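Trainee:
Residue numbers (my numbering): 937 to 1026.
What follows is the structure, given as structure tokens:
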């Protein structure tokens, strides 16, 4: 992103970066995982839930890379529980 630019793509769509592969994609193409203000971690299906969010492609390759490198844990500043990983794998 250039200085003074917006976090949106050329056509006005929000763009986010996958924490596993570091590739940019449209916000709707990625899954958002959120650390809520109470410290719990879960999936954010609406994309607007309050808290610290991290984005991830739903592909098995990105899920495995994020889990192996603990990319989601670092991005959220919290440990991602096993049940969240199970939901992501579905």
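Backbone N, C-alpha and C define an ideal beta-carbon position, used for all residues, glycine too.
Remember, it's a predicted structure, so these values are computed and weren't measured experimentally.
Could you pull the start and end residues of the beta strand (DSSP E) that residue 960 belongs to?
Mentor: It spans 960–962 - the beta strand (DSSP E) in which residue 960 sits, taken as one unbroken run.
Trainee: Among the residues of its own chain, which have a CB less than 6 Å from the CB of residue 994, if the five just before and after it don't count?
Mentor: 967.
Trainee: Please go through the same chain and pick out, in chain order, the residues whose beta-carbon is closer than 7 Å to the beta-carbon of residue 1036, but skip the five residues on each side of it.
Mentor: In the structure as shown, the chain starts at 937 and stops at 1026, and residue 1036 therefore has no counterpart that could be examined.
Trainee: Would you kindly work out how many angstroms separate the C-alpha atoms of residue 951 and residue 996, rounded to a whole number?
Mentor: Rounded to the nearest angstrom, the two C-alpha atoms are 21 Å apart.
Trainee: Would you kindly work out how many angstroms separate the C-alpha atoms of residue 954 and residue 991, rounded to a whole number?
Mentor: Roughly 5 Å separates the two Cα atoms.
Trainee: Should residue 971 be labelled buried (16 or more other beta-carbon atoms within 10 Å of its own) or exposed?
Mentor: It is buried - the Cβ of residue 971 has at least 16 other Cβ atoms within 10 Å.
Trainee: Nearest chain B C-beta to residue 1026 closer than 8 Å, yes or no?
Mentor: Absent from the structure is chain B; it holds one protein chain and no more.
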